[in-house]
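S.K.:
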Amino acid sequence: MKREDTVITCIACPNGCDIKVSFAEDGSIAKLEGYKCKNGITYATAEVTAPERILTSSVAVVGGEFKLASVKTSKPIPKGMMKDAVKALYSVKVNAPVKVGDVLVENILGTGADIVSTCVVEKV
Amino acid sequence: MDICIDKDLVIVGGGPAGLAAAITAKENGIDDIVIIERDKYAGGVLRQCIHDGFGLQMFGERLTGPEYAARYEEKAKELGIEIKLNTFVLDITGDKIVRTVSPDDGMVFYKAKAIVLAMGCREKSRPAIMLTGERPAGVYTAGLVQRLINIDGFVPGKEAVILGSGDIGLIMARRLTLEGVNVKAVYELMSYSSGLKRNIVQCLDDYGIPLYLDHTVVNIHGKDRVTGVTVAKVDEKKQPIPGTEEYVQCDMLVLSVGLIPENELSKGAGVELNPVTGGLFVDDNMSTNMDGVFACGNVVHVHDLVDFVTIESNNAGKCAADYIKGKKNEGEAIEVIPENGVRYVVPSTVHKNCDRKTADFMFRVGKVYKDARITVYDGDRLVRSFKKSILTPGEMEKIKLAQMDIDSASQLRIGIEE
Ligand SMILES: Cc1cc2nc3c(=O)[nH]c(=O)nc-3n(C[C@H](O)[C@H](O)[C@H](O)COP(=O)(O)OP(=O)(O)OC[C@H]3O[C@@H](n4cnc5c(N)ncnc54)[C@H](O)[C@@H]3O)c2cc1C
Ligand code: SF4
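Here the protein sequences come in this chain order: A and B. Add 1 to the 1-based position in the first sequence for this note's numbering, that's all there is to it. Add 357 to the 1-based position in the second sequence for this note's numbering, that's all there is to it.
1. Out of B:Tyr429, B:Ile362, B:Glu689 and B:Ile731, point me to the one whose CA is closest to Ser670 (chain B)'s CA.
2. Excluding sequence positions up to five away, which residues of its chain have a Cβ less than 8 angstroms from the Cβ of Arg555 (chain B)?
3. Output needed in chain order: residues of the stretch 77-102 of chain A with a Cβ under 7 angstroms from some Cβ in chain B.
4. I'd like to know whether the C-beta atoms of Gly751 (chain B) and Gly579 (chain B) end up nearer to each other than 8 angstroms.
5. With DSSP run on the structure shown, which of helix, strand or coil describes Arg730 (chain B)?
6. On the CB-based measure, 16 or more other CB atoms within 10 Å of its CB, does Met464 (chain B) come out buried or exposed?
7. Val446 (chain B) and Leu622 (chain B) - do their beta-carbons sit closer together than 8 angstroms?
8. Across the stretch 391-410 of chain B and the stretch 431-442 of chain B, are there enough close Cβ pairs to call them in contact, namely three or more that are closer than 8 angstroms?
9. Can you tell which of B:Gly636, B:Asn672 and B:Leu533 has the C-alpha that lies nearest to the C-alpha of Lys624 (chain B)?
10. How would you call Leu612 (chain B), buried or exposed, if buried means at least 16 neighbouring beta carbons within 10 angstroms?
11. Short of 7 angstroms in beta carbon distance, which residues of its chain neighbour Ala89 (chain A), apart from the five on each side in sequence? Order them along the chain.
12. Quick check: is any heavy atom of ligand 1 less than 7 angstroms from the C-beta of Lys560 (chain B)?
13. Throw me the rounded Cβ distance for the Ala45 (chain A) and Val22 (chain A) pair, which I believe falls under 8 angstroms.
14. Using a Cβ-Cβ cut-off of 8 angstroms, state whether Lys68 (chain A) counts as contacting chain B.
15. Specify whether the stretch 467-476 of chain B and the stretch 644-656 of chain B touch according to this definition: at least 3 beta carbon pairs, one from each stretch, less than 8 angstroms apart.
16. May I ask which residues mark the beginning and end of the alpha helix (DSSP H) holding Thr43 (chain A)?
17. For chain B, find out if any of its Cβ atoms is closer than 8 angstroms to the Cβ of Thr119 (chain A); answer yes or no.
18. Considering only residues of the stretch 360-422 of chain B, which uninterrupted alpha helix (DSSP H) runs meet the minimum length of 4 residues and lie entirely inside it, listed in chain order?
19. From the beta carbon of Ile116 (chain A), is the nearest beta carbon of chain B less than 8 angstroms away?
20. Between Thr534 (chain B) and Tyr564 (chain B), how many whole angstroms is the CB-CB distance? I'm expecting something under 8 angstroms.
21. Going along chain B in order, which residues have a C-beta closer than 7 angstroms to the C-beta of Gly17 (chain A)?
22. Just to confirm, is the Cβ distance from Val588 (chain B) to Met609 (chain B) under 8 angstroms?
23. Any heavy atom of ligand 1 closer than 7 angstroms to the beta-carbon of Ala475 (chain B)?
24. Please classify Gln768 (chain B): is it buried, with 16 or more other beta-carbons within 10 angstroms of its beta-carbon, or exposed?
25. With hydrogens ignored, establish whether the beta-carbon of Tyr467 (chain B) is closer than 7 angstroms to any heavy atom of ligand 2.
26. How would you list, in chain order, the residues of chain B whose beta-carbon sits under 7 angstroms from the beta-carbon of Ile30 (chain A)?
27. Using the DSSP secondary-structure output, state which residues sit across from Val99 (chain A) in a beta bridge.
28. Answer with buried or exposed for Leu739 (chain B), where buried requires no fewer than 16 other C-beta atoms within 10 angstroms of its C-beta.
29. Tell me the DSSP secondary structure of Ile598 (chain B) in three-state form.
30. What is the DSSP secondary structure of Glu34 (chain A), counted as helix, strand or coil?
31. Measuring straight from C-alpha to C-alpha, what distance separates Asp664 (chain B) and Asp717 (chain B)?
Structure follows, in structure tokens:
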């Protein structure tokens, strides 16, 4: 089915390009205009098919200099699962030390994305 | 007896600006460096900015704030740069004595050959915007909420109203929502948002949080704790329009009404402040009006992107190193003056006949312009002009001028023509 043409603001970088997406009769993407780099193509395509976001949040740390370690998903996860993923992280506790890049939770909610530390928490 | 330690370079503030300046100074042959940081960690405000979007310019990657900070912290560690944490700079005197205090060492003085000011900025708070109403608990600045949630692990409410659509407010609208808080709406006094477009999309639109432009909070209700706010539409003069008031129930009001450079120290030391921005006047070497005192990052002017803070701070570190080594920029300097809608320009003076091909100029405009031109004049002569489809106060602009253009000018005036 033909879809209405739409404009997507690319959020892959602070440029925030407005990308015009035109659809063909069968609902597939016919044309993309207004992107400044190829990340815009990837983003706009995902946005009109299956929108995804990187999730950033934090998890509790035991025995560290800080109470929390900041984390992110190793790849974007479906937009609709953001809240559930944050909820799932409430029950996670990790032991210090934590380094940038440590995998703290594998395959969060079956999305295929890992929860990865984005900070350093030394042991005390 | 208080202790006085001689140092080549003392850096005030261990955020991204201070770290980058220290690293570049070290790489340029200065070994005797100390960074003074009042917090219990280095990295500045980046530690609490756990969202991503940092580092695209510097690393071509979408890093989170803590990841970006960690790269510079590690580098500083590798280079053996001394960082004094939990240490507060009390004042700086004309002869470059930096007075510090910390729980561990008590009062310590540093006598510096050069100083880099990198204190960042702070948030405007309630007194600064003259909100009327009760004085209940539950009114926070957005950055404080960010710190409470992301560093201390504490969510300070259940229903929030956000006043101001700056980036921090937008980021916190999303963060609060994900933490289970009901974010009712964001109200913005101006007719435009001062936040980045991508943040409106991914922080508000994604979660169906409405943004009301031309609106403000006119009253705060609640005795001990906020119970609600009254909001109203404003007219062109930004005055509330009678009859448009509406009551919104909430237990927290989050203020995201702007940042001001943290310049109490600078003022005390006699460094000249820009009355328009509260930032500092610096030349193209990031030198202030005080001999041997340099500055970089948000203490000079508020940046949207940490990458530009790093670039500016690398320059400050390099120039401070040159100064310590006795290399001075003797060339003639000309003034750079903002006009026609440009609020300020960094740097405010620029040297002629330098050994470089181009020089950068950063500024902000006072209102939204569409299809306009950035113009650079020397007297009546148009030196250069740049087409722009959009210019907004929320986004810092950056232009490059050829050194040749600077060499032939007696003054540069940067403005906007519609
Ligand atoms: C909430 C928020 C969100 C942001 N989001 C983004 C983003 O998505 N992408 C992006 O690229 N940029 C973003 N930025 C911008 C970026 O984080 C800042 O531009 C950058 O951190 C500024 O660096 P700075 O070193 O100048 O200041 P700061 O990071 O503020 O560091 C200043 C340091 O100086 C210390 N200090 C101050 N006074 C004293 C004293 N008297 N004695 C000792 N120490 C002192 C402070 O404790 C602090 O650690 C954001 C900023 C904020 C506030
Ligand atoms: S299209 Fe490229 S340049 Fe434009 S916002 Fe997206 S990532 Fe940035």
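Using N, Cα and C, we set each Cβ at its ideal position, and we do this for glycine too. Note that this is a predicted model, so its numbers are computed, not measured.
M.R.: Put simply:
1. Comparing Cα positions, the closest option is B:Tyr429.
2. Gly410
3. Lys80, Met83, Lys84, Val87 and Val101
4. no
5. strand
6. exposed
7. Yes, the Cβ-Cβ distance between Leu622 (chain B) and Val446 (chain B) is below 8 angstroms.
8. yes
9. B:Gly636
10. buried
11. Ile109 and Leu110
12. It is Cys, not Lys, that sits at residue 560 (chain B) in the sequence shown. Answer for Cys560 (chain B): no, Cβ out of range of ligand 1.
13. 6 angstroms
14. yes
15. yes
16. Lys39 to Thr50
17. yes
18. 373-384 and 413-416
19. no
20. 5 angstroms
21. What Gly17 (chain A) touches in chain B: Leu553, Lys554 and Arg555.
22. no
23. yes
24. exposed
25. no
26. Correct list: empty, because the minimum Cβ distance to chain B is about 19 angstroms.
27. The partner list for Val99 (chain A) (beta bridge, DSSP) reads A:Val122.
28. exposed
29. coil
30. DSSP places Glu34 (chain A) within a strand segment (E or B) once states are collapsed to three.
31. 14 angstroms
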